[in-house]
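**Q** Counted the way our numbering counts, the sequence shown spans residues 7 to 185.
Even for Gly, the Cβ is constructed at its ideal location relative to N, Cα and C.
Would you mind keeping the following structure in view while I ask a few things?
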Amino acid sequence: PPRAPDEAAAPIPGDLGCVALIRSTQELPDGRSNILAVGERRFVLVAWCAGDRPYRLGRVEEFDDEPSEPGEAEALAAGVRDDFSRLVRALGVLTDREHEAIELPADPQELSFQVSAALELNAEAKRSLQALRSTTARLRHLGGLLEPLAADAERRAAVRRRAQRNGRGGRHPRIEHTA
7 PPRAPDEAAA PIPGDLGCVA LIRSTQELPD GRSNILAVGE RRFVLVAWCA
57 GDRPYRLGRV EEFDDEPSEP GEAEALAAGV RDDFSRLVRA LGVLTDREHE
107 AIELPADPQE LSFQVSAALE LNAEAKRSLQ ALRSTTARLR HLGGLLEPLA
157 ADAERRAAVR RRAQRNGRGG RHPRIEHTA
């Protein structure tokens, strides 16, 4: 059943949201559904509106990123693209999905949102990325997250590759063999 707008769990004015585009739906035998939605436009909740509908109505203001220096955004996007690609390749090794490619957008703003959506982050971290009104700030934040994640995943992928050769690697050059 729908909750009343005045319930404690309801968003409060100033909270962020996102208009979502439903890409696909799949009805399940038990009546539930799987829904794939993609965020389109961000907004701030201004106020709740009174109404007799069985769902909440609110007044919102949409917002977009503030203009940024294209050269800086492109440079940061290149770093995010490289680090995210490193992470995806390493995770591919760890999950036996090495040959799956991922397409990343050329536009720095689109890239920042796609990478933000793809990362396994808690809700508060995702919300803070969504709230940023600067593409360069979002890319800078993502760069700080991605580099250590990619480096760690690459270390684990290297261990996995070595482990897969156990018993089939031949002689190790640093081990003295006596016969």
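1. Between the stretch 70 to 89 and the stretch 143 to 155, can you find at least three pairs of beta-carbon atoms closer than 8 Å?
2. Kindly give me the distance between the Cβ atoms of L100 and R166, rounded to whole angstroms, as I take these residues to be in contact under 8 Å.
3. Excluding sequence positions up to five away, which residues of its chain have a Cβ less than 6 Å from the Cβ of V44?
4. For E33, collect the residues of the same chain with a Cβ closer than 7 Å to its Cβ; drop the 5 residues on either side in sequence, then sort them by chain order.
5. Enumerated in chain order, which unbroken segments of the beta strand (DSSP E) with a length of 3 residues or greater are wholly contained in the stretch 94 to 168?
6. DSSP on R9, reduced to helix/strand/coil?
7. What does the Cβ neighbour count give for L63, buried or exposed, with the cut at 16 atoms within 10 Å?
8. Less than 8 Å between the C-beta atoms of E67 and V52, yes or no?
9. In chain order, what residues of the same chain lie with their CB nearer than 6 Å to the CB of D70, ignoring the 5 residues before and after it?
10. If you run the structure through DSSP and keep just helix, strand and coil, what is G23?
11. Applying the 10 Å Cβ sphere with the 16-neighbour rule, what's the burial state of T141?
12. Between which two residues does the beta strand (DSSP E) holding S39 run?
13. Taking the beta strand (DSSP E) that E72 belongs to, which residues open and close that run?
**A** In short:
1. yes
2. 6 Å
3. L27 and R29
4. S39
5. none
6. Legend: pLDDT at R9 = 46, less than 50; position of this residue unreliable, no value from coordinates given.
7. exposed
8. yes
9. none
10. strand
11. buried
12. S39 to C55
13. Counting along the chain, E72 falls outside any beta strand (DSSP E), and DSSP gives it neither H nor E.
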